[in-house]
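Enquirer:
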Amino acid sequence: MRVVITGGGTGGHLSVAKAFLYAFSARGYSCIFIGSSSGQDKAYFEKEEKFAQKWFLETSGVVNKRGIGFLKALWQQGRAFKKAYGIIKEFKPDFVLSVGGYSAAPAAFGASALRIPLIIHEQNAAIGRLNRILKPKAKIFFSSYLESSPIKFYPVMEVFFTKARVRSAVKTLLFMGGSQGARAINNFALSSLNVLKERGIKVFHQCGNKDLVRVVSEYANEGLKVGILKESLKVWQDSTESQIIDRVEFVELGEFSGVDVVVFGFSKMMAEIYALCDFAVCRAGASSLWELCANGLPALFVPYPYAASNHQYYNAKFIEEKGLGFLCLEQDLFCEVLWDSLELLESRIAQVSADLQKECASNAVDLMCDVIEQKIAL
């Protein structure tokens, strides 16, 4: 089969696109990518050899823009639609797969205009504006939250399953703000660490590259011994402010017994880090949420308050209503919320951890591919 994969903008959308790409390639499909020159699409896929072609069109998001910014974004989308239409018409795909995000619009509308089957994967519990418009036109609409979805499992990379385990107690806690970090979660971690230390709980803190020096500095000023993952060495060395901070050392995973907290800006070893932790305080982006589930790692979710359609809140609410996680709005994030969550979890952590893993399937993408082949063959 010949396939156009489209969508992206953020790492969450792109990780789903990559999961489908690898599954399609394993089945011998010829795939091309149509995304955006802005956002993370180009950095994520520019060197990806499994795509026969890659197109990065000039687009930007329309949502939350006003005035001239809105008109410019709309004009870019219109121009990109014409380009995507031509690419699709020439490539003659059997179907177009959209993983959402603003960069999906040109190719998704192009597929609809050319009457080529459109397949959509919606990541979030609150359906995005673009997918709400396109859902009636889609031949298949995958969602982990809708009962009507033919497959409800989320595409999660295999490594999060292979590193999974059932937790028995909270001995290590992870603060995580996503690839860019989250200042509210960083500040909460800084205010909580001394009490966590008193309780004998070790801490990993993913703070984002931009906030790395500030976070390490504040921990050091509290008299805490800080270990910085060697993955963040270059970010640290590039900062002139870092040279005046004592009480830090660079550590590898598994070599941090002498430090109070392990800090890092960003890591490509999140599955390994999850495996070392027993509880997380984090945002509720779809990919991170389902990776935590696959790994069996319970969490207190603090949704990003400005996410489109408040989708992070509804993602977290979906897990909370199953009794498998905790939800706290950013403005209500106080230490007492964390202590209460840990206390409520204490007697049932093993059951929660095991049940989280049941929400996922390591062969989710293959199951979706089977459905696609059945529907497209009709």
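For the record, in the sequence shown the residue sitting at position 336 is 320 according to this note's numbering, with numbers rising by one throughout. Where is the CB? At the ideal position from N, CA and C, for every residue including glycine. These figures come from a predicted structure and were not determined experimentally.
Spatial neighbours of residue 176 within its chain, please: CB distance less than 6 angstroms, with the 5 preceding and 5 following residues excluded, ordered by chain position.
Expert: Excluding residues within five positions, the ones whose Cβ falls inside 6 angstroms are 319.
Enquirer: For the beta strand (DSSP E) holding residue 190, just list the boundary residues, first then last.
Expert: Counting along the chain, the beta strand (DSSP E) containing residue 190 begins and ends at 186 to 190.
Enquirer: In the DSSP output, which residue or residues are listed as bridge partners for residue 197?
Expert: Bridge partners of residue 197: none, in fact.
Enquirer: Taking Cβ to Cβ, would you say residue 266 is nearer than 8 angstroms to residue 343?
Expert: No, these two residues do not count as a Cβ contact at 8 angstroms.
Enquirer: Sort out for me which residues DSSP pairs residue 38 with in a bridge.
Expert: Answer by DSSP bridge pairing, in chain order: 17.
Enquirer: Going along the chain, which unbroken runs of the alpha helix (DSSP H) with 4 or more residues stay wholly within the segment 37 to 109?
Expert: Taking only runs of at least 4 residues, the alpha helix (DSSP H) segments lying wholly in the segment 37 to 109 are 51 to 75, 89 to 97.
Enquirer: What beta strand (DSSP E) runs, 3 residues minimum, are completely inside the segment 200 to 257?
Expert: Those beta strand (DSSP E) runs which fall completely within the segment 200 to 257 and span 3+ residues are 210 to 213, 232 to 235, 245 to 248.
Enquirer: So residue 111 packs on residue 82, CB below 8 angstroms; how close in whole Å?
Expert: Not a contact, Cβ separation roughly 12 angstroms.
Enquirer: Throw me the rounded Cβ distance for the residue 263 and residue 174 pair, which I believe falls under 8 angstroms.
Expert: That belief does not hold up - the Cβ atoms of residue 263 and residue 174 are roughly 18 angstroms apart, past 8 angstroms.
Enquirer: For residue 299, collect the residues of the same chain with a Cβ closer than 7 angstroms to its Cβ; drop the 5 residues on either side in sequence, then sort them by chain order.
Expert: Only 108, 109, 268, 270, 273 meet the Cβ criterion.
Enquirer: Do residue 154 and residue 337 have their C-beta atoms closer together than 8 angstroms?
Expert: For residue 154 and residue 337, no; Cβs fall outside 8 angstroms.
Enquirer: For the alpha helix (DSSP H) containing residue -11, name the first residue and the last one.
Expert: First-last for residue -11: -14 to -10, but that is the beta strand (DSSP E), not the alpha helix (DSSP H).
Enquirer: What is the C-beta distance between residue 18 and residue 41, in whole angstroms, given that I count them as a contact (C-beta under 8 angstroms)?
Expert: Confirmed, about 7 angstroms.
Enquirer: Using CA atoms only, rank isn't needed, just tell me which of 199, 208, 205 is closest to residue 216.
Expert: Taking only the C-alpha atoms, the option nearest residue 216 is 199.
Enquirer: Give the DSSP-derived three-state secondary structure of residue 141 in the structure shown.
Expert: Correct three-state label for residue 141: coil.
Enquirer: I need the DSSP call for residue 264, collapsed to helix, strand or coil.
Expert: It is a strand residue.
Enquirer: Could you check whether residue 275 and residue 140 sit closer than 8 angstroms to each other, using their CB atoms as the reference points?
Expert: The answer is yes: Cβ separation under 8 angstroms.
Enquirer: Would DSSP call residue 146 helix, strand or coil?
Expert: In this structure, residue 146 counts as helix in the three-state DSSP scheme.
Enquirer: Tell me the rounded alpha-carbon separation between residue 121 and residue 75.
Expert: Residue 121 and residue 75: Cα-Cα distance of roughly 21 angstroms.
Enquirer: When the Cα of residue 136 is compared with those of 126, 99, 13, 314, which residue comes out closest?
Expert: Out of 126, 99, 13, 314, 126 has the C-alpha closest to the C-alpha of residue 136.
Enquirer: Pick helix, strand or coil for residue 281, following the three-state DSSP scheme.
Expert: Residue 281: coil per DSSP, three-state reduction.
Enquirer: What would DSSP say about residue 333, mapped onto helix, strand or coil?
Expert: Here residue 333 sits in helix by DSSP.
Enquirer: Here's a check: name, in chain order, each residue in its chain whose Cβ is nearer than 8 angstroms to the Cβ of residue 184, leaving out the five neighbours to either side.
Expert: Same-chain partners within the cutoff: 155.
Enquirer: Please state whether DSSP places residue 157 in a helix, a strand or coil.
Expert: Residue state, collapsed to three classes: strand.
Enquirer: Using a Cβ-Cβ cut-off of 7 angstroms (strictly less than) and excluding sequence neighbours within five positions of residue 65, which residues of its own chain qualify?
Expert: Cβ within range, chain order: 90, 93, 94.
Enquirer: Assess, as a yes-or-no matter, whether the segment 304 to 321 is touched by the segment 235 to 247 under the definition of 3 or more beta carbon pairs within less than 8 angstroms.
Expert: As far as the Cβ criterion goes, the segment 235 to 247 does not touch the segment 304 to 321, which means the pair count is below three.
Enquirer: Shortest alpha-carbon distance to residue 281 belongs to which of 339, 358, 21, 96?
Expert: Checking every option, the nearest Cα to that of residue 281 belongs to 339.
Enquirer: What is the C-beta distance between residue 22 and residue 43, in whole angstroms, given that I count them as a contact (C-beta under 8 angstroms)?
Expert: 7 angstroms between Cβ atoms; contact.
Enquirer: Please report the Cβ distance between residue 138 and residue -7, rounded to the nearest whole angstrom; I am assuming they are in contact, meaning their Cβ atoms lie under 8 angstroms.
Expert: With a Cβ gap of about 18 angstroms, residue 138 and residue -7 do not count as contacting.
Enquirer: Shortest alpha-carbon distance to residue 211 belongs to which of 68, 232, 205?
Expert: Ranking 68, 232, 205 by Cα distance to residue 211 puts 232 first.
Enquirer: For residue 52, is the classification buried or exposed, using 16 other Cβ atoms within 10 angstroms of its Cβ as the cut-off for buried?
Expert: Residue 52 is exposed by the Cβ-count criterion.
Enquirer: Can you check which of these residues, 88, 310, 248, is closest to residue 162 by C-alpha distance?
Expert: For the residues 88, 310, 248, the minimum Cα distance to residue 162 belongs to 248.
Enquirer: Is the Cβ-Cβ distance between residue 6 and residue 34 less than 8 angstroms?
Expert: Yes, the Cβ-Cβ distance between residue 6 and residue 34 is below 8 angstroms.
Enquirer: With 16 as the cutoff for other CB atoms within 10 Å, does residue 208 come out buried or exposed?
Expert: It is buried - the Cβ of residue 208 has at least 16 other Cβ atoms within 10 Å.
Enquirer: Anyone know if the C-beta pair for residue 144 and residue 258 falls short of 8 angstroms?
Expert: A contact, by the Cβ cut-off of 8 angstroms.
Enquirer: With DSSP run on the structure shown, which of helix, strand or coil describes residue 127?
Expert: Strand, per DSSP.
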